[in-house]
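See below for the structure under consideration.
Residue numbers (this note's numbering): 110 to 1381.
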């Protein structure tokens, strides 16, 4: 039996797994399912209509009915209640009824022919916010230090109100570890202080549903000490002391709430547990919490109201147990234990029962598995009727929390209700069993494109429906095999998962749903995209205010995705400020201010993913100046300065600089006194006597110094004798018989008092003599005259003022004035080291003969002549100075093979002494210089002649020459070197037996006994035969293109002056060759050749002026004749036709203008200024050159000068004007400004009176063109 029950249980689990909740398409028959309903405890606002929700779906669409308080609710009989169309939702109009009438328990029923679903019991209650009962609250008078409780006791509301304490100004009363509000709203004082006295302790209750606030009457609290209480209350009690006890003493804690050593509390699973312990005592006790039977759940625990309240959210059974709160102060502690019991209203263990869709003959289960404390009871109903009262069904078996269906048949569809309840609540769930026979269908959209980021999970849906439940298989692209196993995961709902998508996973996927009735395919696509990544993140920036800063954010993303860059500041939007400039990959902030500091985040979003990076901006500025300078600890020679630092502006202060101003001696000038680290705000300042100090402080951070602080008050020090003597005391002479004693005078601050002067003392050293003393004021030197030359002295200078003398001065040393030395160095000699270097030796000069400080020695030397030539050189003397006490020196840079003279002199600070006797020495021979020239002459078939000049600088006797030469081939490669020794008396040589038409390179140097000098080089070429020189050109060729004739050649000659010559083939004159220079290349394009002609072209190399030019072979270049692309336009038919059309158009326009011009009669040329304005008369318009109509009775009068009035009309005189005959000697008339108006050709002719005396003159060409312009 037990084995069969186990098998049944396994069957239930298996069938339950297969019968996972399916969403039945609404076009298929199905029982009702409630989709929306009001909460079980439904609190309504009594000012608004009551809406009780009940929505359901099904096929056919369900009908709805209601019960109220367990009986049928006939909606039609209540005029205030309506049901929404196609819905079960009730709407109660409370404008004609009270909300209290509808405070009932409601239940909705939705039914169709396949079953009936029911809602929860919906308990409707209206929200209440009652007023506080009127009461008169007497003032509370308490002794200082005692505990106090101010009760709130708000009226009961639904839901309960939120309590808070405020004063008359609607400001929350401050709370602390001493004063706190309890969970029930009362205000507790652990001990009262005098500052707690006030008359506006007001408790407020806010009712959230109605959004109303109720106020309790204000409470007055007076806190008095013992003497104040006795003095205040004695008059009312016959001068008897109210309190004979001492004022409240310090005491150990005791609990105000909860009372006693222990208490208990019950809380429901999933709710919030709040426990509080409020203690009184003096001093104010501190409260702490522990769990006796374990640890507090850290993630769900918080402490409120200064540790008085312990709060645990989402309570579970593990939170049951004993909790201990402890109140402790200096005098002791007290404990209270709270026993917590956790109960549980029913809750689902594996979720509510799920709908079953079964095919005929299939099996399935409905499971209603729930728990609670105490253990809940489970009841089943079918279509709203208890299952025991429902029709019997052999395919259905009820076992406690499970209904097992086997071999179901059509017509067995129904809705089953599972009700789980205990003392703390209930759960009601509807689940239908729908018996269908339906082929598969895929509900996922066909051809849907899924996009996923590379290396992310890809989920491809295949939501399907069918009865029996379809089996899902997947294929990719060619459908060669099903997708099953790594890397694919097939979920029970048909979804295909790729755990880590890669690029090769992109493609077309086919989902096939198959059951016993049919098969269905659906195709979708997967695209794997590259991830969005920030390649260069913004970096932390520290910037000075007023500067600019740039945050870079360079991003890489999939090119098929559209990116959007967003910048945030401190996780919010960027400020709307034109200083913030957002580019595609950067954020620039100009003119940075302190408000710009913060965290900046760049976010790159695409439709699939995003990446972000943040960086902080710190805005720094030089610090604000220190303030509140104060002088303390004032002494004669010191004072202590304190100050308050200014704002650092995000850059720590590194140091403070203290400066002073001496108003007595140096007003307006600030001097640095001392520095202190940036962590200090005091400085001990050492001062000098006889000064009027003011101080200021500057702060330095990484940006700069701050502005100086305001000056401190003046601090005056008393005078005193000098503390120091002048420094820099020295003695020297300006003349050979004087001694100048100088020193650095003391500053005003160093003087220490008024009347500063100096006591100057001196005596000759090494002579037992007394000090000579003089007093000097307002000076820094003293001159002693009549002293011997260059004698050592001891010197002292002492500072003295009106308050005494300074300390004993130190002795300084000096010498009297110097004079020129009187002796020259002796035993002078020279040792020649080599041809360019000699060493000079001498003996020291006695100290007394130097007569001053020895500065050194000077060697004067000069070149007399070269030993090769006997003519003397006119070379200036050279001087080498050897500072210090030397007895030898080196003379570098000498000319070889030369005679030199020299002498030596000693010098001191005054000047040079006499020279030593002049000595001479000779330098040996050296290597010669380069030969002056090398020329190749007389080139022959097998020989060349070389001519040269001896070196200009011989440096000795020339002993001969060395000539080296080698061949050079066409590719500038050098052949073997030949060497030839030549005698010294030769300056030319002919080299025989050379190869014809060959280039040679030569190297020639001269020799002395010391060796060979540097060589001079040259080149030469032997000729082809004795008549013509060898040409260095070869392979001369030509080609003719559109740009000209390209001439190319090979060249191996030494000459650099190469050019191309060309002339007409038929020209015989030699001077007609035209030249084109070549810039080192071996080709050129000749662009000046004319088509249809032939040219002779050759390449020329011009060598030495004495040598004939070297010519290449000539080539003949023929430039083909090219048909002219320019066509005589005058002979083209289209041009002739165009000109004729233009002429015809001009003729037509002239005729039209003539007709228009003669349309109105005669031409007005001069109008009289006094004539009345004729509105039909129009003058000539200068802007468009048209004429108005006019009439003129006299055609033959000459034109008179006239002006056009500013109003644009022309006035007429009594007499009319006529035109002057043009072309027959008539004088042309001019306006007053000199402009010519005689514009008409032909003679004037009178017409008959019948013709109205109209003018018949032909218009001039000028006027005809003006008319043409007007027409156009």
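Glycine is no exception: its CB is placed at the ideal position from the N, C-alpha and C atoms. Predicted model only: the values in this text are computed from it and were never measured.
Exercise. Over what stretch of residues does the beta strand (DSSP E) that includes residue 987 continue unbroken?
Worked result: Working through the chain shown from its first residue, we reach residue 987 at position 878. Looking at the DSSP string, the run of the beta strand (DSSP E) that includes residue 987 is 987-992.
Problem set entry | Straight-line gap, residue 697 to residue 764 (C-alpha atoms, nearest Å) | For the purposes of this step, residue 697 is taken as residue 588 along the chain shown, with counting starting at 1. For the purposes of this step, residue 764 is taken as residue 655 along the chain shown, with counting starting at 1. About 33 Å.
For this session: Measure the alpha-carbon distance for residue 821 versus residue 906 and round it to whole angstroms.
Result: Position 712 of the chain shown holds residue 821. Position 797 of the chain shown holds residue 906. Residue 821 and residue 906: Cα-Cα distance of roughly 37 Å.
Exercise. Which same chain residues, not among the five before or five after residue 372, have their C-beta less than 6 Å away from its C-beta?
Worked result: Walking along the chain shown from the start, residue 372 turns up at place 263. Around residue 372: 447.
For this session: Thinking residue 402 and residue 379 are a contact (beta carbons under 8 Å), I'd like their distance in whole angstroms, please.
Result: Along the chain shown, one-based indexing puts residue 402 at 293. Along the chain shown, one-based indexing puts residue 379 at 270. Not confirmed; about 21 Å, so no contact.
Problem set entry | residue 1131 vs residue 1105 beta-carbon contact at 8 Å | The residue you call residue 1131 lines up with position 1022 of the chain shown. The residue you call residue 1105 lines up with position 996 of the chain shown. Yes, Cβ-Cβ distance for residue 1131 and residue 1105 is below 8 Å.
For this session: Could you say which of 801, 872, 594 and 1063 lies nearest to residue 1120 if we only look at CA atoms?
Result: Here residue 1120 refers to the residue found at position 1011 when the chain shown is read from its first residue. Closest option to residue 1120, Cα to Cα, is 1063.
For this session: With a 10 Å radius around its C-beta and 16 neighbouring C-beta atoms as the bar for buried, classify residue 690 as buried or exposed.
Result: Working through the chain shown from its first residue, we reach residue 690 at position 581. Its Cβ having fewer than 16 others within 10 Å, residue 690 is exposed.
Exercise. At which residue ranges does the stretch 382-440 contain complete beta strand (DSSP E) runs of 3 or more residues, listed in the order of the chain?
Worked result: 382-385, 387-391, 395-400, 410-413, 418-421 and 430-438
Exercise. How many angstroms separate the CA atom of residue 321 from the CA atom of residue 549?
Worked result: The residue labelled residue 321 in the question sits at position 212 within the chain shown. The residue labelled residue 549 in the question sits at position 440 within the chain shown. Going from the Cα of residue 321 to the Cα of residue 549 covers about 58 Å.
Exercise. Would a C-beta distance cut-off of 8 Å place residue 233 and residue 161 closer than the cut-off?
Worked result: Counting from 1 along the chain shown, the entry for residue 233 is found at position 124. Counting from 1 along the chain shown, the entry for residue 161 is found at position 52. Contact flag set, yes.
For this session: Identify whether residue 912 lies in helix, strand or coil by the three-state DSSP scheme.
Result: Indexing the chain shown from 1 puts residue 912 at position 803. Residue state, collapsed to three classes: coil.
For this session: Quick one: which unbroken beta strand (DSSP E) runs of 3-plus residues sit fully inside the stretch 738-767? Chain order, please.
Result: 747-753
Exercise. For the alpha helix (DSSP H) that contains residue 1249, what are its first and last residues?
Worked result: Mapped onto the chain shown, residue 1249 falls at position 1140. That run of the alpha helix (DSSP H) goes 1242-1266.
Exercise. Taking buried to mean at least 16 other C-beta atoms within 10 Å of its own C-beta, is residue 609 buried or exposed?
Worked result: As a working note, residue 609 is residue 500 in the chain shown. Residue 609 should be labelled exposed.
For this session: Would you list the one or two residues that DSSP bridges to residue 1060?
Result: One-based indexing of the chain shown puts residue 1060 at position 951. DSSP lists 1040 as partners of residue 1060.
Exercise. According to DSSP, is residue 281 helix, strand or coil?
Worked result: Position 172 of the chain shown, counted from the start, is the residue given in the question as residue 281. In this structure, residue 281 counts as strand in the three-state DSSP scheme.
Exercise. Hey, how far is the Cα of residue 708 from the Cα of residue 666?
Worked result: Taking the first residue of the chain shown as position 1, residue 708 is located at position 599. Taking the first residue of the chain shown as position 1, residue 666 is located at position 557. So the alpha carbons of these two residues sit roughly 24 Å apart.
For this session: Output the boundary residues of the beta strand (DSSP E) element that contains residue 1100.
Result: Taking the chain shown and counting its residues from 1, the one referred to as residue 1100 is at position 991. Start and end: 1097-1100.
For this session: Tell me where the beta strand (DSSP E) around residue 874 begins and ends.
Result: Here residue 874 is taken as the residue at index 765 of the chain shown, counted from 1. No beta strand (DSSP E) contains residue 874, which DSSP labels as neither H nor E.
Problem set entry | Proximity of residue 927 and residue 986 at Cβ, strictly below 8 Å | Walking along the chain shown from the start, residue 927 turns up at place 818. Walking along the chain shown from the start, residue 986 turns up at place 877. Contact flag unset, no.
Exercise. Which of the three DSSP states, helix, strand or coil, is assigned to residue 935?
Worked result: Numbered from its first residue, the chain shown carries residue 935 at position 826. DSSP places residue 935 in coil when its eight states are reduced to three.
For this session: Return helix, strand or coil for residue 720, following the three-state DSSP convention.
Result: Position 611 of the chain shown, counted from the first residue, corresponds to residue 720. Note: residue 720 maps to strand in three-state DSSP.
Problem set entry | Residue interval of the alpha helix (DSSP H) (run including residue 678) | Residue numbering aside, residue 678 sits at position 569 when the chain shown is read from its first letter. From DSSP, residue 678 is part of no alpha helix (DSSP H) but of the beta strand (DSSP E) over 673-678.
Exercise. DSSP state of residue 208, grouped into three classes?
Worked result: The residue given as residue 208 occupies position 99 in the chain shown. Looking at residue 208 - three-state DSSP - the assignment turns out to be helix.
Problem set entry | residue 865 and residue 804 closer than 8 Å at C-beta | Counting from 1 along the chain shown, the entry for residue 865 is found at position 756. Counting from 1 along the chain shown, the entry for residue 804 is found at position 695. Cβ distance not < 8 Å, so residue 865 and residue 804 don't count as in contact.
For this session: In the DSSP assignment, find the unbroken alpha helix (DSSP H) run with residue 1387 in it and report its ends.
Result: Residue 1387 is absent from the structure shown; the chain starts at 110 and stops at 1381.
Exercise. With distances taken from CA atoms, which of 1125, 244 and 1014 is nearest residue 1040?
Worked result: The sequence position of residue 1040 within the chain shown is 931, counting from 1. Among 1125, 244 and 1014, the Cα nearest to that of residue 1040 belongs to 1125.
Exercise. Leaving out the 5 sequence neighbours to the left and right, which residues in its chain are closer than 6 Å to residue 391 when beta-carbon positions are compared?
Worked result: Counting from one through the chain shown, the residue named residue 391 turns up at place 282. Hits under 6 Å: 254, 300, 359 and 360.
Exercise. Using CA coordinates, which residue listed in 603, 970, 1183 and 814 is at the minimum distance from residue 948?
Worked result: Locating residue 948 in the chain shown gives position 839, counting from the first residue. Nearest C-alpha to residue 948: 970.
Problem set entry | Start and end residues, beta strand (DSSP E) containing residue 309 | What you label residue 309 is simply residue 200 of the chain shown in a count that begins at 1. That run of the beta strand (DSSP E) goes 307-316.
For this session: Kindly indicate which residue of 1049, 1008 and 1051 has the alpha-carbon position closest to the one of residue 1034.
Result: Taking the chain shown and counting its residues from 1, one reaches residue 1034 at position 925. With distances taken between Cα atoms, residue 1034 lies closest to 1008.
For this session: Locate the beta strand (DSSP E) running through residue 946, then write down its first and last residues.
Result: Translated into positions along the chain shown, residue 946 becomes position 837. Note, residue 946: beta strand (DSSP E), 946-950.
Problem set entry | For residue 275, the first and last residue of its enclosing beta strand (DSSP E) | One-based indexing of the chain shown puts residue 275 at position 166. 271-275 is the span of the beta strand (DSSP E), which, as asked, contains residue 275.
Exercise. Would you call the stretch 261-280 and the stretch 301-320 touching, i.e. three or more CB-CB distances under 8 Å?
Worked result: yes
Exercise. Which same chain residues, not among the five before or five after residue 1360, have their C-beta less than 7 Å away from its C-beta?
Worked result: The residue you call residue 1360 lines up with position 1251 of the chain shown. In this prediction, residue 1360 has a pLDDT of 37, which is less than 50 and means its spatial position is unreliable; what the coordinates show is noted afterwards. If we look at residue 1360 and ignore the five residues flanking it on each side, it has no Cβ neighbours.
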